[in-house]
Ligand code: PLP
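Numbering (the numbering used here), first residue to last: 1 to 387.
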């Protein structure tokens, strides 16, 4: 009998859907010209990029000129934070972020600190959410940038982005607002203009496109220093020959996701609610953070009393179920999760936490199988770990 494969690690990366793989294959084979070349093959490639830019811009209701393609979400975060803050540094050297950002943001903040910037790290409550009033109070005349994640990658908490946008602009209209929307794009409502967002990062491999591509939305009004120096592609804002097949695939994936977003998100919320309801029937299981419509539809963080995360992860993997302990994208930052600690998860549960993350492809049958395996496995693992 073939082994089942249940993929519940979609916040780490998503499978490329067949239509996207086909489109990438088509572009890879047929549009190999350099988009900067002046002959017809170059023009074919530059047309692919132009159309992809139009498609992505449509999903955010913004201008085409406001989309800059990058190699990943990390690059988009780096470009937004370091690029915009250093460009604005004559106006001030104070930036604000939260305690629970992805390393792509936290490491950018550390880089700014080494250049003489002062960084305020906002605490989060037990639900891993900042207080917009606290944010407003932290804004100063020399605050040049605020960077917040929309959806936390480990527990799926949702930051009050629209409220934060209003608070920032009323406290200091010159302060730029960057949103790391890597886990939110195609899942949460996103209108940069009406939400006061100046810069926004997203990543292709979280939306069923391939690795190696992402984008930064940068309002036409925002000035930032570029980080990639070279041939001046993308109007000089991000040099480097564009990843044409990756960009085409990401645009198609975004277009498909937006065309069925309402149904997909509703289905994921229903599955999440069902899965959590069943998890809570098991002995010694705790859910971290909120889990209603005020959380992201696809991420569930659960702590399993008395069982180490890695042990449970391996046991599930042996049954064909792929999950993550903490955050897979932080594999280079081993140790106890900063997010779980900041939101006050009991220390005994910190190393007993698993992230289940769904996509629009996740089915109830897959969750039922996972629950069945957990039901059988948890008592066995506890017998070995409890004295
Ligand atoms: N920001 C968040 C919230 C993420 O979850 C991730 C990846 O998991 C990133 C940034 C980095 O994105 P990428 O893997 O495309 O570099």
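We put the CB at the ideal spot given by N, CA and C, even for glycine. Nothing here was measured: the structure is a model prediction, and the numbers come from that model.
Please confirm whether residue 214 and residue 76 have their CB atoms less than 7 Å apart.
Between residue 214 and residue 76, the gap from beta carbon to beta carbon is short of 7 Å.
Candidates 190, 216 and 211: which alpha carbon is nearest residue 200's?
216
Just to confirm the assignment, what range does the alpha helix (DSSP H) spanning residue 302 have?
That residue, residue 302, is in no alpha helix (DSSP H); its beta strand (DSSP E) goes 299-304.
Taking the alpha-carbon of residue 319 as reference, which of 125, 221, 370 and 91 has the nearest alpha-carbon?
370
Apart from the five residues just before and just after residue 168, which ones in its own chain have a Cβ nearer than 8 Å to its Cβ?
135, 136, 139, 146, 175, 177 and 196
Here's the rule: buried if 16 or more other CB atoms are within 10 angstroms of the residue's CB, otherwise exposed. What is residue 387?
Since pLDDT at residue 387 reaches only 48, below the 50 mark, its modelled position is unreliable, and no value is offered.
Considering only DSSP beta bridges, list what residue 67 is partnered with.
Note: residue 67 is bridge-paired with 217 in the DSSP secondary-structure output.
Taking Cβ to Cβ, would you say residue 240 is nearer than 7 Å to residue 232?
no
Is the number of C-beta pairs between the stretch 35-52 and the stretch 248-264 that are closer than 8 Å three or more?
With a cut-off of 8 Å, the stretch 248-264 and the stretch 35-52 count as touching, because enough Cβ pairs lie within range.
If we ignore side chains and look at the alpha-carbon of each, how far apart do residue 306 and residue 271 end up?
26 Å
Where does residue 387 fall in DSSP's three states?
In this prediction, residue 387 has a pLDDT of 48, which is less than 50 and means its spatial position is unreliable; what the coordinates show is noted afterwards. Coil at residue 387, not helix or strand.
What residue ranges within the stretch 339-379 form continuous beta strand (DSSP E) runs of no fewer than 3 residues, ordered along the chain?
353-357
Who are residue 178's beta bridge partners in DSSP?
147 and 199
Just reading off the beta strand (DSSP E) that residue 121 is part of, what are its end residues?
Annotation: the continuous beta strand (DSSP E) that includes residue 121 extends over 118-122.
Please go through the same chain and pick out, in chain order, the residues whose beta-carbon is closer than 8 Å to the beta-carbon of residue 235, but skip the five residues on each side of it.
65
Between the stretch 260-279 and the stretch 359-375, do three or more beta carbon pairs fall short of 8 Å?
yes
What I want to know is whether the C-beta of residue 167 ends up closer than 6 Å to one or more non-hydrogen atoms of the ligand PLP.
It does not: the Cβ of residue 167 is nowhere closer than 6 Å to a heavy atom of the ligand PLP.
Would you kindly check if the distance between the Cβ of residue 151 and the Cβ of residue 266 is under 7 Å?
no
Using only the alpha-carbon positions, how far apart do residue 122 and residue 39 sit?
52 Å
Taking 6 Å as the cut-off, does the CB of residue 249 come closer than this to any heavy atom belonging to the ligand PLP?
no
Closer than 6 Å to a non-hydrogen atom of the ligand PLP - does that hold for the CB of residue 182?
yes
Measure how close the beta-carbons of residue 99 and residue 342 come, nearest whole angstrom, since I'm counting them as under 8 Å.
4 Å
Suppose you measure from the CA of residue 95 to the CA of residue 226; what does that come to, to the nearest Å?
19 Å
Helix or strand or just coil, what does DSSP make of residue 276?
helix
In whole angstroms, what is the alpha-carbon distance linking residue 162 and residue 243?
32 Å
I need the DSSP call for residue 27, collapsed to helix, strand or coil.
Note: residue 27 maps to helix in three-state DSSP.
For the pair the stretch 285-295 and the stretch 152-160, tell me if three or more CB-CB distances fall below 8 Å.
yes
In whole angstroms, what is the alpha-carbon distance linking residue 212 and residue 132?
34 Å
Using a threshold of 6 Å, is the CB atom of residue 45 nearer than that to any non-hydrogen atom of the ligand PLP?
no
Could you check whether residue 210 and residue 246 sit closer than 7 Å to each other, using their CB atoms as the reference points?
Going by C-beta atoms, residue 246 is nearer than 7 Å to residue 210.
Just mark residue 365 as buried or exposed, buried being the case when its beta carbon has 16 or more other beta carbons within 10 Å.
exposed
Can the beta-carbon of residue 324 be found closer than 7 Å to that of residue 290?
no
Report yes if the C-beta of residue 240 is less than 6 Å from at least one heavy atom of the ligand PLP; otherwise report no.
no
Is the closest heavy atom of the ligand PLP to the C-beta of residue 74 under 6 Å?
Checking every heavy atom of the ligand PLP against the Cβ of residue 74, one is found closer than 6 Å.
Hey, how far is the Cα of residue 321 from the Cα of residue 373?
9 Å
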